[in-house]
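Asks: Residues 99 to 572, numbered by our numbering, are exactly what the sequence shown covers, in order.
All C-beta atoms in this analysis are idealised placements derived from N, C-alpha and C, irrespective of residue type, glycine included.
As the structure is a computational prediction, the values presented were derived from the model and not from experiment.
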Amino acid sequence: MPSLTNENPIWSHVDARREAFIGLADAVFDTPEIAYTETRSCAAHKDMLRQQGFRIRENVAGIPTAVIGEAGSEGPVIAILGEYDALPGLSQEPGIAEPRMIDESGFGHGCGHNLLGSAAMQAATAVKDWLEAEGIKGRVRYYGCPAEEGGAAKTYMVRDGLFDDVDIAISWHPASYNCVDDARSLANTRIDYSFTGKAAHAAGAPHLGRSALDAVELMNIGVNYMREHMPDAARVHYAYLDAGGIAPNVVQSRATVRQLIRSPDLEGLGELVERVNNIAQGAALMSGTEVESRVFSAVSNLIGNRPLEEAMQAEFDRLGPVPFDAGDIEYAMEIRKTLTRADIAAAFAQISRKPDYDLPLCDFVAPLDRPQAAAMGSTDLGDVSWAVPLVQARVATCALGTPLHSWQQTAQGKSPAAHKGMIHAAKVMAATACAVLRNDTLRAAAIRAHQAHLAEFPYSCPIPPEVTPPIAAE
99 MPSLTNENPI
109 WSHVDARREA
119 FIGLADAVFD
129 TPEIAYTETR
139 SCAAHKDMLR
149 QQGFRIRENV
159 AGIPTAVIGE
169 AGSEGPVIAI
179 LGEYDALPGL
189 SQEPGIAEPR
199 MIDESGFGHG
209 CGHNLLGSAA
219 MQAATAVKDW
229 LEAEGIKGRV
239 RYYGCPAEEG
249 GAAKTYMVRD
259 GLFDDVDIAI
269 SWHPASYNCV
279 DDARSLANTR
289 IDYSFTGKAA
299 HAAGAPHLGR
309 SALDAVELMN
319 IGVNYMREHM
329 PDAARVHYAY
339 LDAGGIAPNV
349 VQSRATVRQL
359 IRSPDLEGLG
369 ELVERVNNIA
379 QGAALMSGTE
389 VESRVFSAVS
399 NLIGNRPLEE
409 AMQAEFDRLG
419 PVPFDAGDIE
429 YAMEIRKTLT
439 RADIAAAFAQ
449 ISRKPDYDLP
459 LCDFVAPLDR
469 PQAAAMGSTD
479 LGDVSWAVPL
489 VQARVATCAL
499 GTPLHSWQQT
509 AQGKSPAAHK
519 GMIHAAKVMA
529 ATACAVLRND
539 TLRAAAIRAH
549 QAHLAEFPYS
559 CPIPPEVTPP
569 IAAE
């Protein structure tokens with residue numbers, strides 16, 4: 099850890115309310131909700147925003163579980179982004195090192211978003227307090243963003259202009275290592291293909307039927323054959339939303355499959371979508387059915403911002419790694435017993451570092467200039483990065499090698515180690531925000547870098563204008 103002489107004044111503003119935000123993270127953990135249903139989590143965040151003196155905008159972009167809190171006046175606008183949605187099937191008793199579901203059909207924070215939103219608001223609160231204490235002109239906004247896990251809420255928020263007056267955006271994500279994110283992700287879209295055929299008696303008059311389920315299976319076969327002939331980093335996954343019923347003696351007259359199509363960039367995504375659409379039309383032609391498609395969600399790939407990444411790296415290096423203690427290490431070692439060597443190696447591969455199979459918790463901050471990892475996921479933060487200069491941290495909150503979207507991640511979600519990582523993340527984000535607010539040259543450089551990218555690669559929202567957020571009717 100850095101010496102006292104190296105301390106940043108903003109850190110004390112983060113520490114001043116640490117217990118309140120630990121409580122917020124644990125409350126969200128205990129009431130997990132999935133995309134666009136995060137009513138209790140959003141309510142807890144709104145209550146905290148009110149307690150901390152933010153001006154609140156509710157129901158932004160027409161999404162009941164999205165909220166913005168703002169503080170300060172005039173000057174640059176700094177956005178700090180949080181999330182609070184959970185994942186299905188990851189209900190897990192916390193604080194143990196074995197899989198034990200609380201609810202067989204329940205949800206869980208297997209990606210740490212209970213920590214993500216709480217640390218982001220803690221950072222925004224610290225910046226608010228710092229602006230007041232220093233008498234600095236500037237505004238800080240906390241964006242409470244639902245539905246990151248497949249719902250693309252931030253894409254809708256970008257499309258609705260909610261970042262149009264923002265100068266800089268900052269976020270983070272829980273991880274098992276510490277680094278400034280390398281700003282690479284896959285653009286993706288989720289498209290529902292609904293086939294309509296003709297029902298018939300499967301034994302007595304099968305020749306009269308036209309199977310929508312056959313059409314879905316033909317489509318999946320076509321996509322499988324396409325995989326050999328698409329870029330290595332591209333991905334296509336699928337899930338049956340409606341298989342046409344449970345009666346095998348009825349020719350299924352309807353069936354729906356969701357195809358999740360991913361590509362390293364928006365241009366490549368468009369090309370893949372066209373090919374998948376053609377495969378769907380071919381499947382309908384072969385099966386004598388009709389097909390309709392509807393975009394469920396879509397996100398863009400992340401774009402980096404070197405000036406901001408260098409600024410965040412400097413603050414991260416100054417702060418150092420998360421100060422875990424002996425109790426944290428003991429629990430992490432128990433979790434590590436449930437992980438494979440491949441799990442641990444995969445975590446180190448994300449930061450291009452040789453695996454250390456004996457290290458239970460990350461005790462270093464990875465350098466900014468490192469070889470890029472091959473594996474990538476997707477995030478709706480990508481669209482924010484096209485709308486405004488953005489930087490993101492990855493901060494250790496769990497045992498090295500813990501896979502995201504796993505029971506192990508959920509089990510550690512309200513542990514003391516997770517709380518320490520959350521507070522650390524708030525300090526990194528708050529310090530970066532202060533650096534941007536203090537340094538006009540840094541802010542201008544970040545904006546120039548962003549504008550240069552857009553001049554070469556203009557942004558086009560990947561969600562069609564007629565598609566609205568998939569919010570369930572009450």
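Give the single residue among S274, A509, Y455, D263 whose Cα lies nearest to the Cα of E168.
Replies: D263
Asks: For my contact list, A133 and G295 are in at a C-beta cut-off of 8 Å; report their separation, rounded to the angstrom.
Replies: Contact annotation, A133 with G295: C-beta distance approximately 30 Å; criterion of less than 8 Å not satisfied.
Asks: Just tell me which of A298, A159, A396 has its CA closest to the CA of D481.
Replies: Checking every option, the nearest Cα to that of D481 belongs to A396.
Asks: Can you check the segment 120-164 for any beta strand (DSSP E) of at least 3 residues that lies completely inside it and give the ranges in chain order?
Replies: 153-156
Asks: Is P567 helix, strand or coil when you go by DSSP?
Replies: coil
Asks: Quick check for students: name the residue ranges of the alpha helix (DSSP H) that lie wholly in the segment 223-291, counting only runs of 4 or more.
Replies: 251-257
Asks: Measure the Cβ-Cβ separation of S558 and A281 and say whether it is below 8 Å.
Replies: Contact check for S558 against A281 fails: the beta carbons are separated by 8 Å or more.
Asks: Let me check understanding here. Comparing Cα to Cα, which of V371, G499, D145, L406 lies closest to E432?
Replies: G499
Asks: Is the segment 343-353 touching the segment 307-322 in the sense that three or more CB pairs, one from each, lie closer than 8 Å?
Replies: When C-beta atoms of the segment 307-322 are compared with those of the segment 343-353, three or more pairs fall below 8 Å, so the two segments count as touching.
Asks: Run through DSSP, which three-state label would P100 get?
Replies: Reliability of the predicted coordinates at P100 is poor, the pLDDT of 40 falling under 50, and the value obtained from them is presented with this limitation in mind. Three-state result, P100: coil.
Asks: Can you give me the Cβ contacts of A516 inside the same chain, cut-off strictly under 7 Å, excluding the 5 residues immediately before and after it?
Replies: A distance below 7 Å between beta-carbons, with the five flanking residues on each side excluded, links A516 to the following residues of its chain, in chain order: L213, T495, C496, Q510.
Asks: CA-CA distance, E572 and H335?
Replies: In this predicted model, E572 has a pLDDT of only 43, less than 50, meaning its place in the structure is not dependable; the value taken from the coordinates is given anyway. Taking the straight line joining both Cα atoms gives about 30 Å.
Asks: Measure the alpha-carbon distance for P100 versus Y291 and round it to whole angstroms.
Replies: Its pLDDT being 40, under 50, P100 is placed unreliably in this model, and the value from its coordinates should be taken loosely. Between P100 and Y291, the C-alpha separation is close to 55 Å.
Asks: Which of helix, strand or coil does DSSP assign to L179?
Replies: strand
Asks: Counting pairs of Cβ atoms below 8 Å between the segment 418-434 and the segment 449-461, do you hit three or more?
Replies: yes
Asks: For G418, which of helix, strand or coil comes out of DSSP?
Replies: coil
Asks: Just curious, the alpha helix (DSSP H) that D426 is in, first and last residue?
Replies: 424-434
Asks: In three-state terms, what does DSSP make of Y557?
Replies: Coil.
Asks: Could you tell me how far apart the beta carbons of E131 and D183 are, in whole angstroms, since I believe they sit closer than 8 Å?
Replies: 7 Å
Asks: Determine contact between the segment 368-387 and the segment 313-330, defined as no fewer than three beta-carbon pairs at a distance below 8 Å.
Replies: With a cut-off of 8 Å, the segment 313-330 and the segment 368-387 count as touching, because enough Cβ pairs lie within range.
Asks: By the 10 Å Cβ neighbour count, where 16 or more other Cβ atoms means buried, how is T103 classified, buried or exposed?
Replies: Bear in mind that the predicted position of T103 carries a pLDDT of just 46, short of 50, making it unreliable; the figure below should be weighed with that in mind. It is exposed - the Cβ of T103 has fewer than 16 other Cβ atoms within 10 Å.
Asks: Counting along the chain, where does the beta strand (DSSP E) carrying S110 start and finish?
Replies: Premise fails: S110 lies in the alpha helix (DSSP H), 107-113, not in any beta strand (DSSP E).
Asks: Taking the straight line between their C-alpha atoms, what separation do you get for L85 and S189?
Replies: The structure shown does not extend to residue 85, since the chain is modelled only from 99 to 572, so the question has no answer here.
Asks: Less than 8 Å separating the beta-carbons of Q507 and C209?
Replies: Contact flag set, yes.
Asks: If the criterion is Cβ atoms closer than 8 Å, does the pair R492 and H211 meet it?
Replies: no
Asks: In angstroms, rounded to a whole number, what distance separates the CA positions of A443 and D456?
Replies: 12 Å
Asks: Starting from A337, trace the beta strand (DSSP E) both ways and give me its first and last residue.
Replies: 333-340
Asks: Please list, in chain order, all residues of the same chain as L370 whose beta carbon is under 7 Å from its beta carbon, the five residues on each side excluded.
Replies: M328, A332, I359, S361
Asks: Is it a yes or a no for the segment 140-158 touching the segment 465-480, going by three-plus beta-carbon pairs under 8 Å?
Replies: no
Asks: Determine which residues share a DSSP beta bridge with L358 and list them.
Replies: Paired residue(s): R288, H335.
Asks: Between S504 and the rest of its own chain, which residues show a CB-CB distance below 7 Å, the 5 nearest in sequence each way excluded?
Replies: G208
Asks: Considering only DSSP beta bridges, list what R492 is partnered with.
Replies: H271, C277
Asks: Let me know the secondary structure DSSP gives E413 once reduced to three states.
Replies: helix
Asks: Are there 16 or more other CB atoms within 10 angstroms of the CB of T135, so buried, or fewer, so exposed?
Replies: buried
Asks: Can you find the residues in the same chain that come closer than 7 Å, C-beta to C-beta, to M199, ignoring five residues on each side of it along the sequence?
Replies: S189, Q190
Asks: If we call anything under 8 Å between Cβ atoms a contact, is A267 one with L179?
Replies: yes
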